[in-house]
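**Q** I am attaching a structure below and will ask some questions about it afterwards.
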Amino acid sequence: MKNKWSMFGILFFCAITVAISQLKVPPIMGMISDNMNISLSQASWLMSIFTVAGIILAIPSAAIMNKLGPKKLLLSLMVSLLVGNVLGGLTNHYSVLLISRAIEGIAFAMIILVGVAMIKAWFGEKAGSALGMFNTFAALGSFVMMNVGLSITNSLGLKSLWFITAGMSVICFILVWGFIQVPEEEYEDNKQEKSSLVEAMKNSRLWSAALARGCVAFVLFTFVTTYPQLFMGFYGLDAGTANFYAGLNGLFGIPCCILCGIIVDKTGKPLLTALLGFIGLIGTSYMATILGPSTYILHTLLVAIFGGFTITALFCIAPTMAKKASLSGYTIAIMNLFYYIGVFACGPVILGTAEQASWQVATYILMGISLVGVLLVVNLIISPRKKSH
């Protein structure tokens, strides 16, 4: 398709904008906590509530995209991002800020589904590298926010990031409206969609893959969103230094996700890649509370390697898990559901455990979830894939 990489660039910018909207909170979580007189665990709900829309809309999202088409849906997501950020920027009430974050989260709920649909339409069977690049949007958003979020807030005010993100969403809307083209598809009626969903849910391999994706999302986003609190609260670093180290994880994650996409394209072994990644995450989770000045950077690199490879490998297999092409939308939607659940749960569970017990206990939870991921991927490797008749 003509200009497919240019259109991919616009899609990628939209996804980065969604990631920036999501990840603008972690580098200034302490400031939000102090300004609103709430605990850190309460402030962490500003991250988790962002994914509520993802959990609610994960399954219906396939039907919504079938009705609107990928382009119209992407335009709608940019509108939700604009509305949520403007509302959040104007309020000083915690409850209203929570609501605004949920509205922002509508974009996060469907950006992956839209992205996969567009990339598959543009690149076909050679989509692995493009999917790997697309999957870096969260890492890039994390790197940007961890490095400039605090300084922008100190210079322009607590809510400046909300208005900047709102402006970015307007730019995204204009670019998508003017330049993105996606082949129109014929969509099924509601009865057919319900039948397809039931059929997709009968795929036992899908549930193992979806649970594995939830596990890696929980572990990886724990580090993405709580690294600043780990470095400040446990290791006693100042906010600027903590955010610098946290940002390195996003920086390292960018080439890791791209490299994984290339490896999957070349080797055709995404499950083996995911298995090795989960094993690595067990070790990095254990290391989280035994670091020192000489190993802070090493840890962010290892999390980026093992987490980035695992989440990208599982991301790449999502379209292939469907028993037939007509079920791919619902298959991806089910996998996204568990991804959002993992992202939703990680902050409150880990920060709550760290506050009530200790960071050491929190790392045991991360190790256990990584081990579950290992077992799920092993099950996928040894269980035969049944072909649709």
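Numbering (our numbering), first residue to last: 11 to 399. For glycine and all other residues, C-beta sits at the position ideal for the given N, C-alpha and C. None of the values given here were measured: they were computed from a predicted structure.
1) For L230, which of helix, strand or coil comes out of DSSP?
2) Please report the distance separating the alpha-carbon of A25 from that of I174.
3) Which residue's Cα is closest to the Cα of M128: G79, S110, M156, I162?
4) Could you tell me which whole alpha helix (DSSP H) segments of length 4 or greater appear in the segment 329-388?
5) Less than 8 Å between the C-beta atoms of C270 and F319, yes or no?
6) Exposed or buried, which one is N13 when buried takes at least 16 other CB atoms within 10 Å?
7) Shortest alpha-carbon distance to S165 belongs to which of I38, F144, A343?
8) Since A227 and I321 should fall inside the 8 Å C-beta cutoff, what is the C-beta to C-beta distance between them, to a whole number of angstroms?
9) Excluding the 5 residues flanking I379 on each side, which residues of the same chain have their C-beta closer than 7 Å to its C-beta?
10) DSSP three-state call for M11: helix, strand or coil?
11) Would you give the residue range spanned by the alpha helix (DSSP H) that S158 belongs to?
12) Are the beta-carbon atoms belonging to T236 and G357 less than 8 Å from one another?
13) Relative to the C-alpha of Y350, which candidate in M120, S51, L92, N95 has its C-alpha closest?
14) From L281 to G167, what distance separates their C-alpha atoms?
15) Less than 8 Å separating the beta-carbons of T363 and V353?
16) Around the Cβ of K333, are there at least 16 other Cβ atoms within 10 angstroms (buried) or fewer (exposed)?
17) Using only the alpha-carbon positions, how far apart do M156 and P70 sit?
18) Quick check: what's the CA-CA separation for T61 versus F118?
19) Which value, in whole angstroms, describes the spacing of the CA atoms of I74 and T232?
20) Would you mind reading off the limits of the alpha helix (DSSP H) that contains Y245?
21) To the nearest angstrom, how far is it from the Cα of L386 to the Cα of M211?
22) How would you label F22, buried or exposed, when you count the other beta carbons within 10 angstroms and need 16 or more for buried?
23) So A29 and F144 are supposed to be a Cβ contact under 8 Å. How far apart are they, rounded?
24) Quick check on the DSSP output: the alpha helix (DSSP H) that includes V186 runs from which residue to which?
25) Considering only the alpha carbon of each residue, which of G246, Q366, I122, L311 lies closest to C266?
26) Express the C-alpha separation of V124 and T341 in angstroms, rounding to a whole number.
27) Counting along the chain, where does the alpha helix (DSSP H) carrying M302 start and finish?
28) Can you tell me whether F22 is helix, strand or coil according to DSSP?
29) Closest to G287 by C-alpha separation, out of L50, M178, L381, would be which residue?
30) Here's the rule I'm using: 16 or more other beta-carbon atoms within 10 Å means buried, otherwise exposed. How should N346 be labelled?
31) Leaving out five residues on either side along the sequence, give the residues of the same chain with a beta carbon under 6 Å from the beta carbon of S152.
32) Which residue wins for smallest C-alpha separation from N95, given the options A249, L141, S170?
**A** Taking the geometry as given:
1) helix
2) 15 Å
3) Closest option to M128, Cα to Cα, is G79.
4) 338-366
5) Here C270 is near F319, since their CB atoms are less than 8 Å apart.
6) exposed
7) I38
8) 7 Å
9) C225, F228, V229
10) Per-residue confidence for M11 stands at a pLDDT of 46, beneath the threshold of 50, marking its modelled position as unreliable; the derived number appears in the next sentence. The answer is coil: DSSP assigns M11 none of H, G, I, E or B.
11) The question names Ser, but residue 158 in the sequence shown is Val. Per DSSP, V158 belongs to the alpha helix (DSSP H) from 147-166.
12) yes
13) M120
14) Just so you know, the alpha carbons of L281 and G167 end up roughly 45 Å apart.
15) no
16) buried
17) 33 Å
18) 7 Å
19) 30 Å
20) Where Y245 is concerned, there is no enclosing alpha helix (DSSP H), given that its DSSP letter is neither H nor E.
21) Annotation: L386 to M211 spans about 17 Å, alpha carbon to alpha carbon.
22) buried
23) 11 Å between Cβ atoms; not a contact.
24) 170-189
25) The shortest Cα separation from C266 among G246, Q366, I122, L311 belongs to L311.
26) 13 Å
27) Looking at the sequence shown, residue 302 is not Met but Gly. No alpha helix (DSSP H) holds G302; DSSP gives it neither H nor E.
28) F22: helix per DSSP, three-state reduction.
29) L381
30) By the C-beta density criterion, N346 is buried, having at least 16 other C-beta atoms within 10 angstroms.
31) L33, V234, G260
32) S170
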